[in-house]
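Asker: When the letters of the sequence shown are read in order and numbered with this note's numbering, they come out as residues 738 to 1122.
We put the CB at the ideal spot given by N, CA and C, even for glycine.
To start, I am sharing the structure in question, which I have written as structure tokens.
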Amino acid sequence: MGMKENKREYYLDWLRIIVVLLLVPHHIAITFSHIGDAYVFLPVKDNSLYFFIQSTFLNLWFMRMLFFVSGISTYYALKKRTNKEYFLERCKRLLLPAVFAIIAVCPVMAYFRALNLNGFQGSLFKFYPVFFTKFETYLGWAHFWFLIYLFMFSMVFLLLRVLIKNSAGPEEKIGTFLARKKNIILPIVLFIVFEMILRPFFPGIQNIVDDWANIMVYLSFFMLGYLFASRKECLDKIEENIPVFLGIGIIATTWVLFLKYAQNYTDYFARLYNTKEYQYKVITAFFQGAAEYSLVMLFTGIAKKVLNFKNRVYDYLSNTSFSLYMFHFILVNLVMYYLIRLNMNHYLMYILGIILVYVLFIVLFELVIKRIPFLRYICGIKTAK
738 MGMKENKREY
748 YLDWLRIIVV
758 LLLVPHHIAI
768 TFSHIGDAYV
778 FLPVKDNSLY
788 FFIQSTFLNL
798 WFMRMLFFVS
808 GISTYYALKK
818 RTNKEYFLER
828 CKRLLLPAVF
838 AIIAVCPVMA
848 YFRALNLNGF
858 QGSLFKFYPV
868 FFTKFETYLG
878 WAHFWFLIYL
888 FMFSMVFLLL
898 RVLIKNSAGP
908 EEKIGTFLAR
918 KKNIILPIVL
928 FIVFEMILRP
938 FFPGIQNIVD
948 DWANIMVYLS
958 FFMLGYLFAS
968 RKECLDKIEE
978 NIPVFLGIGI
988 IATTWVLFLK
998 YAQNYTDYFA
1008 RLYNTKEYQY
1018 KVITAFFQGA
1028 AEYSLVMLFT
1038 GIAKKVLNFK
1048 NRVYDYLSNT
1058 SFSLYMFHFI
1068 LVNLVMYYLI
1078 RLNMNHYLMY
1088 ILGIILVYVL
1098 FIVLFELVIK
1108 RIPFLRYICG
1118 IKTAK
């Protein structure tokens, strides 16, 4: 019985690994689609349907998945750690890498933006102070917003845990309710409401201050992850309801993609958007709330069903994925900065970019990151036994 209790849920690690691997094609696609923030853009946006769909589809679920998985991991972490140990572990795994990244990684990435988009001339050394005086212009903490937000949510959660000493009471009741029949589908309402109320006013700038739609959605996924893990039947119910989440996911995602595409590329919907912008955004937000919850549940259910194992690939990727998260964007900038100067088919450039970034990362990891003790510590690299 004890063995079963301590069995690692490998599918959670696989979900984390897959999302981090997807960051490379995601950030490279933004170079073409201009949907999102990047440091290197094609001078003229590529309006092809593929880049639009990839950017929009991934934005619907993949960072939400990381918060959901982090919530589940928090439950398991607090089973073997005290509140103080959890706090110190969060500082080491989230706050320290974020501070390091803002000082050492973000200015290097922003330098590519300065050269590519802002007409800056001069060395990286000269640019360094410019980055800190124009922090938001140069995308500030970049993709490391995730570490800041996760740290913030972890602290909110810890505070609630300390304030509500008997925390098992409410979580037990909610967990029991959600584990009944098809109640696991009900939290979809929460995400639809948050999206409809907040998304039209806070479209999503990850600066904490003007980001209430994302904060409420991400925090809800984090809390829900903890709640589901505390009542294991909830996680089993996700797997049981894969067909339901697939159905809702397909319908809601199709509507989000259609409405977002149509407002930019069809005369009728462009007019509709321009004359009834608020109503249009609310309808899109309704489908977005339905899509994000169903997609996170769908991919969690599938992973639980088919990815609950470990092998040599798992061992390597789980040990390198945080390093990839930390350094992939520098490599994306480096590769795309030079690739966009070539007169090449965009799809070919995109595929070549992805391959080059993965290859360069393995070289960087094997020759540099894992050989420098400080970087090993920052990236949480385990020593081979």
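If you run the structure through DSSP and keep just helix, strand and coil, what is Pro940?
Answerer: DSSP places Pro940 in coil when its eight states are reduced to three.
Asker: Whole angstroms are fine: how far does the CA of Ile755 sit from the CA of Asn743?
Answerer: Caution applies to Asn743, whose pLDDT of 49 falls short of 50 and renders its modelled position unreliable; the value that the coordinates give is listed next. When rounded, the distance between both Cα atoms is 24 Å.
Asker: Consult DSSP for Thr793 and reduce its assignment to one of helix, strand or coil.
Answerer: helix
Asker: Determine the DSSP secondary structure at Gln858, reduced to helix, strand or coil.
Answerer: coil
Asker: Can at least three beta-carbon pairs, one atom from the stretch 998-1005 and one from the stretch 841-849, be found at a separation below 8 Å?
Answerer: no
Asker: The alpha helix (DSSP H) spanning Trp882 covers which residue range?
Answerer: Element bounds for Trp882: 882-900.
Asker: Looking at Phe890: is its Cβ nearer than 8 Å to the Cβ of Leu956?
Answerer: yes
Asker: As a quick exercise: from Val842, Trp882, Met933, pick the residue whose alpha carbon is nearest that of Leu1173.
Answerer: The requested residue 1173 is not part of the displayed model; the chain covers only 738 to 1122.
Asker: Please confirm if the stretch 869-878 is in contact with the stretch 808-816, defined as three or more CB-CB distances below 8 Å between the two stretches.
Answerer: no
Asker: State the DSSP-derived secondary structure class of Gly1038, mapped to helix, strand or coil.
Answerer: helix
Asker: Three Cβ pairs or more, each shorter than 8 Å: is that satisfied between the stretch 788-808 and the stretch 948-964?
Answerer: yes
Asker: Please classify Asn853 as buried or exposed, where buried requires at least 16 neighbouring CB atoms within 10 angstroms.
Answerer: buried
Asker: Judging by CA-CA distance, which residue of Ser770, Phe788, Lys902 is the nearest neighbour of Asn820?
Answerer: Checked all of Ser770, Phe788, Lys902; the closest Cα to Asn820 is Lys902.
Asker: Mind reading off the beta-carbon distance from Val777 to Tyr1074? Whole number of angstroms is fine, and I expect it under 8 Å.
Answerer: Yes, Val777 and Tyr1074 are in contact; Cβ-Cβ is about 5 Å, under 8 Å.
Asker: What is the DSSP secondary structure of Met738, counted as helix, strand or coil?
Answerer: For Met738, the predicted model reports a pLDDT of 30, less than 50, meaning its position is unreliable; a value from the coordinates is still stated below. In this structure, Met738 counts as coil in the three-state DSSP scheme.
Asker: Tell whether a beta-carbon distance below 8 Å holds between Phe1064 and Phe1036.
Answerer: no
Asker: Only counting runs of 4 or more residues, tell me where the alpha helix (DSSP H) segments fall wholly within the stretch 1044-1083, in order along the chain.
Answerer: Complete alpha helix (DSSP H) runs here, min 4: 1049-1076.
Asker: Going along the chain, which residues of its own chain have a beta-carbon closer than 6 Å to the beta-carbon of Trp949, five neighbours each way excluded?
Answerer: The residues are Leu935, Phe939.
Asker: Whose CA, out of Met933, Phe928, Tyr823, lies closest to the CA of Met892?
Answerer: Tyr823
Asker: If we ignore side chains and look at the alpha-carbon of each, how far apart do Val1105 and Arg917 end up?
Answerer: 51 Å
Asker: Could you pull the start and end residues of the alpha helix (DSSP H) that Tyr998 belongs to?
Answerer: 979-1002
Asker: Inspect the beta-carbon positions of Leu803 and Arg745 and report whether they are closer than 8 Å.
Answerer: Taking 8 Å as the Cβ cut-off, Leu803 and Arg745 do not qualify as a contacting pair.
Asker: What's the gap between the Cα of Phe928 and the Cα of Tyr1030?
Answerer: 7 Å
Asker: Among the residues of its own chain, which have a CB less than 6 Å from the CB of Ile772, if the five just before and after it don't count?
Answerer: Ser792
Asker: Is the separation between the beta-carbon of Ala1027 and that of Ile925 shorter than 8 Å?
Answerer: yes
Asker: Taking just the CA atoms, how far does Met933 sit from Leu1089?
Answerer: 39 Å
Asker: Check whether the Cβ atoms of Ala1100 and Ile765 lie closer than 8 Å to each other.
Answerer: Looking at the sequence itself, residue 1100 is Val, so the reference to Ala does not match. Pairing Val1100 with Ile765 gives a Cβ-Cβ distance that is not under 8 Å.
Asker: Starting from Ser785, trace the alpha helix (DSSP H) in both directions and tell me its first and last residue.
Answerer: According to the DSSP assignment, Ser785 belongs to no alpha helix (DSSP H), since it is labelled neither H nor E.
Asker: Closest by CA to Thr828, which one among Gly941, Leu884, Met1034?
Answerer: Correcting the residue type first, residue 828 is Cys in the shown sequence and not Thr. The shortest Cα separation from Cys828 among Gly941, Leu884, Met1034 belongs to Leu884.
Asker: Among Ala838, Tyr886, Ser967, Leu1071, which has the Cα closest to the Cα of Ile945?
Answerer: Tyr886
Asker: Given a threshold of 16 other Cβ atoms within 10 Å of its Cβ, counted over all protein chains shown, does Asn1080 qualify as buried or as exposed?
Answerer: exposed
Asker: In the structure shown, what three-state DSSP assignment does Asn743 receive?
Answerer: With a pLDDT of only 49 at Asn743, under the threshold of 50, the placement of this residue in the model should not be trusted, and no figure is reported.
Asker: Flag this pair as yes or no: are the beta carbons of Tyr1051 and Tyr747 separated by less than 8 Å?
Answerer: The criterion of a C-beta distance shorter than 8 Å is satisfied by Tyr1051 and Tyr747.
Asker: Rounded to the nearest angstrom, what separates Glu1014 and Thr1021 at their Cα positions?
Answerer: 11 Å
Asker: When the Cα of Tyr1087 is compared with those of Leu758, Phe888, Ile767, which residue comes out closest?
Answerer: Ile767
Asker: Nearest by alpha-carbon distance to Leu1054: which of Phe1023, Phe1066, Glu1103 is it?
Answerer: Glu1103
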